[in-house]
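Working notes, beginning with the structure itself.
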Amino acid sequence: MGLAVQHLGFIPALPLLAAAVGALTPRRGRTLAAGAAIAAISGSLLLAVAALSTALAAPAVHATANFAWFDLGTGEVALGWLLDPLTGVMLVMVTAIALLIFVFSLGYMREDPNAARFFCFLSLFAAGMLGLVAANSLLLLFVCWEIVGLASYLLIGFWFQRPAAAAAAKKAFLVTRLGDLALLLGLLWLYDAGGTLLCYAGGAGCLEPAALAALAGRTVAGGLVLSTAVSLLIFGGAVGKSGQFPLHVWLPDAMEGPTPVSALIHAATMVAAGVFLLARVHPLLAADLAVAGAPLHALTVIAFIGAITALLGAAIAVAQHDLKRVLAYSTISQLGYMTLAVGVGAWTAAIFHLLTHACFKALLFLGAGSVIHAAHHEQDIRRLGGLAPRMRRTFATFAVGAMALAGVPFLFAGFWSKEAVLHAAAGWPVSCLPLDLGLAGVALTAFYMTRLVAEVFLGAPRAPEAARAHENAAVMTVPLVLLAVGAVLLGFIGTPAWPWLQGALTGTRLKPGPLFENGLLLAASILLVAAGMGAGWWLYVRHPRRTATAPDPLAAGTPTWWRALAGGLGFDAAYAATVGRLTLWLAALADGFDRWIWGGAVRSAAALAEFAGVLGRQADEDGLNAGFDGASEGLRRTGRAYSRRQTGGVPGYLRALAVAFVVLVVLLWWGGGR
Amino acid sequence: MNPLTLCLLFSAALFAVGLAGALCRGNAILVLLGIELMLNAANVNFLAFWRFGPSPAAATGAVFVLFAIAVAAAEAAVGLALVIAVYRHQRNIRLEEAVRLKG
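Residue numbers (the working numbering), protein chains in the order written: chain G, 2 to 675; chain S, 5 to 107.
This is the structure:
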């Protein structure tokens with residue numbers, strides 16, 4: 002049974018509906034919200050499997066369903082769905098991992114009063130991620146990309162009462178926004194150059210040969226090919242989202258969110274969106290390879306950034322003592338491997354590593370969540386220890402995940418996918434430096450994972466929380482077991498002897514090769530893994546840490562390096578000293594401008610008005626009022642004088658009347674003469 | 005000395021007596037009495053000028069006097085009512101004490 006591409010939109014629509022249900026659910030309706038989320042993601046999983054089977058039936062075809070969003074003058078802005086094997090495997094991976102994590106969250110968030118909100122955000126995230134994967138239009142992809150970023154912000158800051166969580170959410174949002182700005186600019190430039198953002202549209206899409214040839218044929222400033230410039234801008238988005246050097250600083254802080262979030266978003270799926278984007282636009286990235294005399298190839302930059310990130314993340318992870326931060330830096334490192342694979346042209350190896358990494362990193366994070374839940378939210382590995390006998394299932398599955406991540410040979414998925422990446426890097430004609438950096442990272446990865454397992458599970462408990470820990474309920478351990486099975490089996494879909502995945506993704510039937518093509522490289526990588534694990538065993542298993550405050554054996558040996566690595570090589574401090582200080586300086590400038598220029602203008606206008614007011618008052622008081630006051634004072638004085646004669650005595654009045662009468666008569670007599 | 009002059013002298017004397025009474029007395033009733041005397045002095049003048057004037061045939065002077073007497077009666081009624089009102093307030097009718105209307 003298949004799923005036509007026209008109905009692909011249902012896959013993201015279901016979790017979106019669940020998110021709406023969760024958003025409208027009151028606080029006490031957590032069961033409803035969780036049920037809706039899990040039901041929706043299960044439905045999406047079934048549809049995704051159907052979509053994958055459709056895609057695999059015709060792997061070389063990019064089936065699309067485009068529709069106009071709105072008209073824009075002469076053209077129209079089109080969106081669409083795209084179904085090819087890349088979309089299919091990503092859909093299945095996202096829905097499967099999300100389903101397991103949703104189920105795990107039922108147990109993990111049981112005591113949280115805001116679980117309804119949590120499931121709403123998780124569903125929103127899943128909807129965004131599925132839409133991103135299924136989008137045929139880079140514009141729709143960007144919209145979903147931002148939904149995913151928003152969901153990530155909301156979930157990192159889920160416990161926003163903690164200042165650290167609120168700050169981490171803000172940091173993640175701002176840092177990834179920096180990459181998103183580059184991505185948006187790249188998309189606008191692409192639209193300007195080609196007039197469409199549809200990936201595939203029957204020959205007219207921006208990832209199809211006609212458009213790519215046009216892009217590769219134009220140059221911008223400095224002889225840079227236009228497609229290189231656009232590719233690097235789009236890569237900027239991936240750098241932000243996938244935590245690549247130098248924008249990786251948000252990912253370790255993002256661990257402030259609930260652990261299922263760390264598993265779903267910051268390990269398995271969202272950070273993979275950047276790598277997925279690179280795989281999706283791979284034809285565009287590779288377009289400038291055909292241009293003779295191009296000064297810079299986009300893929301070269303991508304390969305070096307990936308290799309630097311792979312080594313940097315692994316090195317910093319060695320010195321972390323927070324359980325989740327170790328895993329966060331290891332995620333950065335693994336994403337570096339995927340980017341490296343894209344950069345050396347092996348995007349199928351990148352997707353292979355993405356799939357296996359999603360599985361075992363989700364396993365590791367959920368295992369960490371299980372530990373944290375059991376140990377009463379203690380996640381400092383110096384205070385844990387000795388959990389293996391208390392939490393057998395968690396220990397066993399976590400160990401499987403750790404071995405997969407470390408690349409223990411042959412049995413584990415991480416080994417095969419990492420070999421595919423390294424093999425592609427070894428075949429890169431430009432430089433052998435990325436391969437060397439990647440190999441160094443392999444040894445470090447094996448070392449820090451051994452350290453992590455030894456510190457958390459072996460030795461003796463070093464804090465009462467660890468001593469009281471006990472195994473969690475089945476709702477939390479069953480997803481672990483399923484993921485552990487995946488972390489083993491998923492490796493066999495892409496081995497050199499049976500490169501099914503690579504063939505399916507590229508739509509060609511690859512001939513099975515020998516199991517070990519490059520024996521020297523294989524031996525080197527196995528030796529490095531053995532060396533890393535051996536060093537870890539020597540330092541941490543042979544002499545387990547006795548107390549929570551005892552210094553790390555490496556810290557005692559190389560305190561300077563240890564301090565630098567423990568502080569993340571000073572990236573945060575460097576950003577605070579440069580970007581942060583610049584921002585503060587600009588803010589101070591703006592503040593001063595406001596305060597002195599605008600504020601001064603306002604204040605002087607106010608002073609002018611006040612002066613006019615004083616003048617008016619003086620005129621009133623000294624001019625008008627004085628006149629009226631004088632007049633009324635005069636009246637009052639006259640009145641007082643006259644009223645003195647008003648005695649009220651009738652005889653007095655009569656006498657005055659008589660005297661006046663007499664005087665009148667006398668006057669008439671004299672004056673009239675008659 | 006003709007009769008008109010005699011009449012005028014009589015009325016002048018009567019008026020003077022009334023005026024003196026109105027001016028010098030403190031008792032309100034006696035003041036009213038003085039005013040009545042002055043009014044009647046004027047009435048005597050009306051009658052004298054009519055009787056010894058150029059046309060004694062028409063009864064103009066008598067009619068005037070009748071009007072004046074009617075008006076004087078009304079005035080006396082009002083005055084006495086005022087006096088009673090004053091008495092109710094101050095238990096006597098001395099005009100020197102009736103100064104409450106002074107503003």
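C-beta: ideal position from N, C-alpha, C; glycine also. Every value quoted in this text rests on a predicted model; they were computed, and no experiment measured them.
Inter-residue Cα distance where the pair is residue i and residue j
i	j	result
I527/G	A299/G	31 angstroms
L105/S	L655/G	16 angstroms
T478/G	E257/G	22 angstroms
L436/G	V22/G	48 angstroms
A85/S	L10/S	37 angstroms
L156/G	G600/G	40 angstroms
A102/S	V87/S	10 angstroms
S331/G	L388/G	22 angstroms
F572/G	R604/G	43 angstroms
H93/S	I39/S	23 angstroms
L502/G	R564/G	42 angstroms
A525/G	G337/G	20 angstroms
G508/G	A59/G	8 angstroms
G89/G	A49/G	7 angstroms
A128/G	A311/G	29 angstroms
A117/G	A255/G	21 angstroms
G631/G	R637/G	10 angstroms
W54/S	I33/S	32 angstroms
S59/S	G65/S	10 angstroms
L8/S	L18/S	15 angstroms
T446/G	W562/G	17 angstroms
G223/G	A578/G	31 angstroms
N96/S	N31/S	9 angstroms
Residue i, buried or exposed, once every other Cβ within 10 Å from all chains shown has been counted against 16
i	result
I113/S	Because chain S is modelled from 5 through 107, residue 113/S falls outside the range shown and cannot be assessed.
W417/G	buried
I235/G	buried
E209/G	buried
P652/G	buried
P465/G	exposed
H358/G	buried
Q7/G	exposed
V454/G	buried
M2/G	A caution first: M2/G carries a pLDDT of 49, below 50, which makes its placement in the model unreliable, though a value can still be read off. That one is exposed.
M5/S	exposed
C121/G	buried
S106/G	buried
Residue nearest to residue i in terms of C-alpha spacing, selected from the options
i	options	result
L248/G	A291/G, W146/G, G195/G and I306/G	I306/G
K1/G	N519/G, T496/G, L523/G and L522/G	It is not possible to answer for residue 1/G, since the shown part of chain G is limited to 2 through 675.
S45/G	M94/G, A79/G, R29/G and P284/G	M94/G
A414/G	L490/G, A351/G, V482/G and R391/G	L490/G
Y449/G	H471/G, M404/G and C433/G	M404/G
A536/G	V134/G, G150/G, V319/G and F493/G	V319/G
V482/G	S54/G, L216/G and A363/G	A363/G
L198/G	G108/G, P390/G and V78/G	V78/G
T398/G	V422/G, G368/G and A427/G	G368/G
I12/G	L92/G, A591/G, R178/G and L101/G	L92/G
L265/G	V104/G, R463/G, R384/G and T65/G	V104/G
E79/S	Y91/S, F56/S, L43/S and V90/S	L43/S
Residues that DSSP places opposite residue i in a beta bridge
i	result
R98/S	N31/S
N67/G	G81/G
V226/G	T220/G
L101/G	In DSSP, L101/G forms no bridge with anything.
G76/G	L73/G
L199/G	S138/G
D323/G	D381/G
Supposed close pair residue i, residue j - CB separation, criterion 8 angstroms
i	j	result
G386/G	A461/G	6 angstroms
G569/G	I317/G	5 angstroms
G650/G	L99/S	7 angstroms
A38/G	S138/G	About 27 angstroms; that fails the 8 angstroms criterion.
Q380/G	K325/G	6 angstroms
S243/G	V272/G	5 angstroms
L484/G	L33/G	Going by Cβ atoms, the distance from L484/G to L33/G rounds to 27 angstroms, so no, they are not a contact pair.
L12/S	A659/G	Going by Cβ atoms, the distance from L12/S to A659/G rounds to 20 angstroms, so no, they are not a contact pair.
Query raised in the report: When Cβ atoms are compared, which residues of the segment 647-659 of chain G fall closer than 7 angstroms to chain C?
Result: Looking for chain C here will not work: the only protein chains present are G and S.
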